[in-house]
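Residue numbers (the working numbering): 14 to 280.
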């Protein structure tokens, strides 16, 4: 017997056996961790559909709490604190003010350009953050924040700056929430990657879309005398020349269905 040939055959057989056993091990690991397999499959689907998304999307769960708040009732003292404006209080909870002198805006103004105006001309203006500038409606919209996170589409914590044809702020409406506090126990929230997966599975993200970096904020799901707001993911989906705002409850994982009137305020 040619020992060298026999040895070579044994080596080849053992190599094949090792490869076979390794493949069994890999398959077993994949089967025991379907989440990893699911994520890989989902990412392949996104690639096939030419959907681009931020690679910084989180996959780890963190804990957050609901928050509670109530509408502020504006007073005569509030009116007195506002200078160089004609101020009216509507239904206790909303201020309507016309400026004595229009506030000039640059053609290419930025959010930062309005910070000083909000701080000096409005009550608690630094508690709001920019949402959008609607050129067709000639309005600039801000929503109130809690610890840096926006209260999405909240009519009770909103500023609308009205702009004239000369690119000047001439008036505004303001509502405000107060006594904002965390409420209840910590809740595990779904990471942004899973939130995007839920939107994709629900056919909210069409092929060729661009998913912008999501932001975590709050959405009112119980509006009584005091509001209860849930941690909520906000996604912006760009498809062609269209842009859509989508929201998903970060605790329960369901998509927030935006009504037509609500959608109009977001556009």
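Every residue, glycine too, gets a C-beta built ideally from N, C-alpha and C. These figures come from a predicted structure and were not determined experimentally.
Within the same chain, Cβ atoms closer than 7 Å to the Cβ of residue 192 are found at 82, 83, the five residues on either side in sequence being excluded.
For residue 133, there is no enclosing beta strand (DSSP E); the residue is found in the alpha helix (DSSP H) stretching over 124 to 134. Secondary structure remark: continuous beta strand (DSSP E) runs of at least 3 residues inside the region 141 to 169, in chain order: 141 to 147, 152 to 159. Judged by pairs of C-beta atoms under 8 Å, the region 61 to 75 touches the region 205 to 216, as three or more such pairs exist. Residue range 205 to 214 is occupied by the alpha helix (DSSP H) that includes residue 206.
Residue 215 and residue 106 do not touch by the CB rule: their CB atoms are close to 35 Å apart, not below 8 Å. A straight line joining the alpha-carbon of residue 160 with that of residue 133 spans about 21 Å. Rounded to whole angstroms, the separation of the alpha carbons of residue 173 and residue 226 is 25 Å.
Counted as a single uninterrupted DSSP element, the stretch harbouring residue 64 is not any alpha helix (DSSP H), since DSSP gives it neither H nor E. Cβ atoms of residue 115 and residue 183 come within 8 Å of each other, at about 5 Å. For residue 182, there is no enclosing alpha helix (DSSP H); the residue is found in the beta strand (DSSP E) stretching over 181 to 188.
According to DSSP, residue pairing for residue 259 in a beta bridge involves 248.
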